[in-house]
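Colleague: Below you'll find the structure I mean.
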Amino acid sequence: MSTGDVNVDDILAEFKDDELDDVENFDVDTLLEEDLTTLVAPTSSTEKKNQNKVQPPTQQPNTANLPKTDDLSAVAQILHLKRGNNQKICNVLKKKKNNTNNRIKTEKVNAANEEEQIDAMRLVQQIEEEEDNRIKTEEVNATNEEEQIDTMRLLQQIEEEDNKKKQEKEREKEKKEEVFQNVQAPVTTNWSSDKTHPKERKKETASEIKPSPPIDKKPDVKPPPPPSRSKDRDEEERLRQIEKEKERERVREREREREKEQERERERERERERERERELELEKEIETKLREEKEKEQEADKQKATKQTTTHNPFADNTALEPTVDDIMHEYALDTGKCYWLLLED
Numbered sequence: 005m006s007t008g009d010v011n012v013d014d015i016l017a018e019f020k021d022d023e024l025d026d027v028e029n030f031d032v033d034t035l036l037e038e039d040l041t042t043l044v045a046p047t048s049s050t051e052k053k054n055q056n057k058v059q060p061p062t063q064q065p066n067t068a069n070l071p072k073t074d075d076l077s078a079v080a081q082i083l084h085l086k087r088g089n090n091q092k093i094c095n096v097l098k099k100k101k102n103n104t105n106n107r108i109k110t111e112k113v114n115a116a117n118e119e120e121q122i123d124a125m126r127l128v129q130q131i132e133e134e135e136d137n138r139i140k141t142e143e144v145n146a147t148n149e150e151e152q153i154d155t156m157r158l159l160q161q162i163e164e165e166d167n168k169k170k171q172e173k174e175r176e177k178e179k180k181e182e183v184f185q186n187v188q189a190p191v192t193t194n195w196s197s198d199k200t201h202p203k204e205r206k207k208e209t210a211s212e213i214k215p216s217p218p219i220d221k222k223p224d225v226k227p228p229p230p231p232s233r234s235k236d237r238d239e240e241e242r243l244r245q246i247e248k249e250k251e252r253e254r255v256r257e258r259e260r261e262r263e264k265e266q267e268r269e270r271e272r273e274r275e276r277e278r279e280r281e282r283e284l285e286l287e288k289e290i291e292t293k294l295r296e297e298k299e300k301e302q303e304a305d306k307q308k309a310t311k312q313t314t315t316h317n318p319f320a321d322n323t324a325l326e327p328t329v330d331d332i333m334h335e336y337a338l339d340t341g342k343c344y345w346l347l348l349e350d
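In our numbering, the protein residues as written are 5 to 350.
Structure (structure tokens):
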């Protein structure tokens, strides 16, 4: 064989072992041994086709340069066997290409499913966040309502205390007026108890009549309240002031606690925003890596395609030369290489 011959092992050596595992009942060595040991002569149609292929189009064959008939017959048989092996290789490559396409489709479907799962997870997370925000808003509103109720109760309590004070003042004022009226009441004589006859009473001299003492009228002067009640009121007032101050302090404490809770909620929201940004960056990095790997694969395929060496056709320069066995084998190698590279380009 010349250097232009194509070996089946050389063609399959460019593929990895795991890429041909899915091909059933394929043994290239066994096929080659069977084909090479059983040199069956080609059929008449195949022989005519090979003869038509190797005959020059315009010149008559030069009998001096032609090989022997036995050599041409052997070459034709070998070409026929190698063409059959080449067809088997093409079938294997087509099957491999179909498997690769199916694997790519499966990977695309899996990627689409993963994207749908990610979208669903994001939607669920968004719904959970909205539900948490709604619950927190309701809690804040409930807390505000409770504070308003507490404030209203406090105001009502203060109003009741003021009313009690007014009522006490009114009662004290009534008591003072009653005492003042009792002091100003005129002195009356009980005639029924006096047994002296009126005629005899007239005989009494003016010196015997004792004048009543003068009454000091001071209606504007109010007597001071009892000291014990004043002290009690002061103590009650002081306790009420202390209670009011405590209530205001509790209100301020609840307000500070609510502000702290709002600040924590804002911090959690910022943390969730940072987490979403990190996820987006990670997705961008993954997409960039996948794109780079795809570009590398495409570049490797282009480099592999450019490794095909351009061969020289001796019939193009000088059609007067007669084809030899090496020329026939060289032409067959060109056909085999074209089939192989066309499959790769597909």
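The beta-carbon is built from N, C-alpha and C at its ideal position, and this holds for glycine as well.
All values reported here derive from a predicted model rather than from experimental measurement.
State the Cα-Cα distance for the pair residue 247 and residue 254, rounded to the nearest angstrom.
Modeller: For residue 247 and residue 254, the distance between alpha carbons rounds to 10 Å.
Colleague: Between the alpha carbons of residue 263 and residue 276, how many angstroms are there, rounded?
Modeller: Approximately 20 Å between the Cα atoms of the pair.
Colleague: Does DSSP put residue 311 in a helix, in a strand, or in coil?
Modeller: In the structure shown, residue 311 sits in coil (DSSP, three-state: anything other than H, G, I, E or B).
Colleague: Indicate whether residue 165 and residue 244 have their beta-carbon atoms separated by less than 8 Å.
Modeller: Yes, they are a contact pair.
Colleague: In whole angstroms, what is the alpha-carbon distance linking residue 129 and residue 141?
Modeller: Whole-angstrom Cα-Cα distance: 18 Å.
Colleague: Buried or exposed: residue 81, going by 16 or more other Cβ atoms within 10 Å of its Cβ?
Modeller: Label assigned to residue 81: buried.
Colleague: So for residue 24, helix, strand or coil by DSSP?
Modeller: In this prediction, residue 24 scores a pLDDT of 46, lower than 50, which makes its location untrustworthy; no coordinate-derived value is stated.
Colleague: Can the beta-carbon of residue 259 be found less than 8 Å from the beta-carbon of residue 158?
Modeller: No; because the gap between Cβ atoms is not below 8 Å, this pair is not in contact.
Colleague: Alpha carbon to alpha carbon, how far is residue 169 from residue 155? Give it in angstroms, no decimals.
Modeller: Computed Cα separation, rounded: 21 Å.
Colleague: From residue 112 to residue 122, what distance separates their C-alpha atoms?
Modeller: Answer to the nearest angstrom: the Cα atoms are 15 Å apart.
Colleague: In angstroms with no decimal places, state the Cα-to-Cα distance between residue 280 and residue 88.
Modeller: Going by the C-alpha atoms only, they are around 60 Å apart.
Colleague: Using the Cα positions of residue 395 and residue 249, report the straight-line distance between them to the nearest angstrom.
Modeller: No answer is possible for residue 395: it lies beyond the span of the chain, which begins at 5 and ends at 350.
Colleague: Buried or exposed for residue 402, please, with buried defined as at least 16 other CB atoms from any protein chain shown within 10 angstroms of its CB.
Modeller: Only positions 5 to 350 of the chain appear in the structure, and residue 402 is not among them; the question remains open.
Colleague: Does the beta-carbon of residue 93 have 16 or more other beta-carbons within 10 angstroms, so that it is buried, or is it exposed?
Modeller: Buried is the call here.
Colleague: Does residue 183 pass the burial test, meaning 16 or more other C-beta atoms within 10 Å, or should it be called exposed?
Modeller: Flag for residue 183 reads exposed.
Colleague: When burial is assigned at 16 or more other CB atoms within 10 Å of the CB, is residue 85 buried or exposed?
Modeller: Result: buried.
Colleague: Any heavy atom of the ligand MN closer than 7 Å to the Cβ of residue 251?
Modeller: No copy of the ligand MN appears in this structure; indeed no ligand is present at all.
Colleague: Taking the beta carbon of residue 284 as the centre, do at least 16 other beta carbons fall within 10 Å, making it buried, or is it exposed?
Modeller: Exposed.
Colleague: Please list, in chain order, all residues of the same chain as residue 27 whose beta carbon is under 8 Å from its beta carbon, the five residues on each side excluded.
Modeller: Confidence at residue 27 is low in this model, with a pLDDT of 44, below 50, so the placement of that residue is unreliable and no value is reported for it.
Colleague: What's the C-alpha gap between residue 309 and residue 297?
Modeller: Distance between the alpha carbons of residue 309 and residue 297 is about 18 Å.
Colleague: Which residue's Cα is closest to the Cα of residue 364: 120, 115, 117 and 162?
Modeller: The chain is shown only over 5 to 350; residue 364 falls outside these bounds and no answer can be derived.
Colleague: From 172, 301 and 273, pick the residue whose C-alpha is nearest to that of residue 354; which is it?
Modeller: Outside the modelled stretch of the chain, which goes from 5 to 350, sits residue 354, for which no answer is possible.
Colleague: Going by alpha carbons, who is nearest to residue 4 out of 261, 292 and 239?
Modeller: Here the chain comprises residues numbered 5 to 350, so residue 4 is not present and cannot be evaluated.
Colleague: How would you label residue 90, buried or exposed, when you count the other beta carbons within 10 angstroms and need 16 or more for buried?
Modeller: Looking at its Cβ environment, which holds 16 or more other Cβ atoms inside 10 Å, residue 90 is buried.
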